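I have placed the structure first, in the form of structure tokens, so that the comments after it can refer back to it.
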Ligand SMILES: Cc1cc2nc3c(=O)[nH]c(=O)nc-3n(C[C@H](O)[C@H](O)[C@H](O)COP(=O)(O)OP(=O)(O)OC[C@H]3O[C@@H](n4cnc5c(N)ncnc54)[C@H](O)[C@@H]3O)c2cc1C
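Residue numbers (our numbering): 6 to 272.
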């Protein structure tokens, strides 16, 4: 495909933003094992970068995914892996299903502030014992009155210690593993949500990764994304953006590594 002036404008402006607002702080953020997600995401939200392909009615730019690909590719100029990954979680891992299937009311409550950069979002799929095999998750969300009562836990949750809400995958019935799951918006300040620990990782250090437990966490049933029982399918669709993020954000980073290696070995 041919890139338009608008694509190149996004590439140029995002690179400038990274050089001014992110790269000068990367070493310090890697050192302390966290970056100020609310502060950075607010600046990105002000520029419209957190909603390039999201609907205009929710504050996005309403552009097609090729513009988002250019944005993700440009994230490769960030001189670490953790910050771009957390940005990718915000734009391409925790919010696509909500944007695609969430009710207008739910999108106003969780998607609009995530696009603005007022909310940090996280994705709760992986568990201890359920990584690649998503169908085997054990966390449950059982109906009680007008609520879901959530019990279980999540592992490897990116931005888990800072997030305002989680796009949570949980079992909402006893049925077959691909038909018994639902995606639910879970505000992280809800009683019973316990950030058990921030994981000390070898790489991606500037991104905070958490283990989280849920004990009788109550959320209203209206926080369900789309239809009950469709969560596995919604999540598989949501993984498409996650994979595209991983492919696109790695390209420039790899070129940069080759350039750095050539420069270093030439000294
Ligand atoms: C830095 C970081 C951030 C993360 N952020 C999030 C997040 O925000 N939210 C979230 O939900 N999860 C997150 N994850 C979890 C991530 O999605 C999982 O690590 C991933 O799904 C793999 O699961 P696992 O680690 O349990 O490995 P496993 O599933 O146990 O896999 C281990 C190895 O076995 C291989 N394997 C597995 N099954 C098969 C099979 N059937 N056949 C052949 N080989 C197989 C895999 O390819 C892999 O090499 C994060 C992980 C990391 C490391």
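Yeah, the Cβ is synthetic: ideal placement off N, Cα and C, and Gly gets one too.
Fair warning: this is a prediction, and the values are worked out from it, not measured in the lab.
Would you call the CB atoms of residue i and residue j closer than 7 Å?
i	j	result
residue 230	residue 162	no
residue 219	residue 156	yes
residue 188	residue 236	yes
residue 147	residue 139	no
residue 131	residue 116	no
residue 121	residue 64	yes
residue 137	residue 126	no
residue 42	residue 167	yes
residue 60	residue 67	yes
residue 83	residue 27	yes
For ligand 1, is there a heavy atom less than 6 Å away from the beta-carbon of residue i?
i	result
residue 128	yes
residue 141	no
residue 162	yes
residue 214	yes
residue 137	yes
residue 241	no
residue 187	no
residue 171	no
residue 209	yes
residue 131	yes
Leaving out five residues on either side along the sequence, give the residues of the same chain with a beta carbon under 7 Å from the beta carbon of residue i.
i	result
residue 69	58
What do you get for residue i, buried or exposed, if any count of 16 or more other CB atoms within 10 angstroms of its CB means buried?
i	result
residue 9	exposed
residue 159	buried
residue 269	exposed
residue 267	exposed
residue 246	buried
residue 75	buried
Go through its chain and collect everything with a Cβ distance to residue i's Cβ below 6 Å, but skip five positions before and after it.
i	result
residue 141	135
residue 85	31, 35 and 211
residue 113	none
residue 39	213
Under 7 Å between C-beta atoms, does residue i make it to chain E?
i	result
residue 38	Considering every chain present, this structure includes no chain E. It has just one protein chain.
Quick one: is the Cβ of residue i within less than 6 Å of any heavy atom of ligand 3?
i	result
residue 154	This structure lacks ligand 3; its bound ligands are ligand 1.
Checklist entry - Could you give the uninterrupted runs of the alpha helix (DSSP H) lying entirely in the segment 60-89, keeping only those of 4 residues or more? => result Entirely contained in the segment 60-89, the alpha helix (DSSP H) runs reaching 4 residues are, in chain order, 70-79.
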